[in-house]
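Novice:
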Amino acid sequence: MEARVTTMTISVPEIHCDHCKHSIEGALAPLPGVASARVDVDARTVTVEVDETITGRQRVVAAIEEQGYKVPA
Ligand SMILES: [Cu+2]
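Residue 66 in the numbering used here sits at position 65 of the sequence shown, and the numbers go up by one each step.
#1: Could you tell me the distance, in whole angstroms, from the CA atom of T8 to the CA atom of Y70?
#2: If you reduce the DSSP assignment to three classes, tell me which class V13 lands in.
#3: Does the beta carbon of Q68 sit closer than 8 Å to a beta carbon anywhere in chain C?
#4: By the 10 Å Cβ neighbour count, where 16 or more other Cβ atoms means buried, how is A63 classified, buried or exposed?
#5: Mind checking which residues open and close the alpha helix (DSSP H) that includes E50?
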């Protein structure tokens with residue numbers, strides 16, 4: 002399948018510090034198809050560049066939730 006890299010910005014209101022940043026970025030970076038993962042602590046958002054044909058939004062959200070953060074729909 003043709004690669005389709007998109008940038009997703011996901012709001013995670015429970016992000017509040019560098020620990021959150023490192024645990025979420027550390028969980029997302031190794032996922033297949035993820036080119037970059039960046040947490041903005043002030044904005045409480047996660048920005049992920051990912052090939053959606055490999056790893057979709059649901060998988061990204063699940064990885065964030067596995068770190069203990071709720072992701073509002
Ligand atoms: Cu924190």
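Glycine included, each C-beta is placed from N, C-alpha and C at the ideal position.
Predicted, not measured: the structure shown is a model, and the values here were computed from it.
Specialist: Per the coordinate set shown:
#1: Pairing T8 with Y70, the inter-Cα distance amounts to about 20 Å.
#2: DSSP places V13 outside both helix and strand once states are collapsed to three, so it counts as coil.
#3: Judged by its chain identifiers, the structure shown contains no chain C, having just a single protein chain.
#4: By the 16-neighbour rule on beta-carbons within 10 angstroms, A63 is exposed.
#5: From DSSP, E50 is part of no alpha helix (DSSP H) but of the beta strand (DSSP E) over 46-52.
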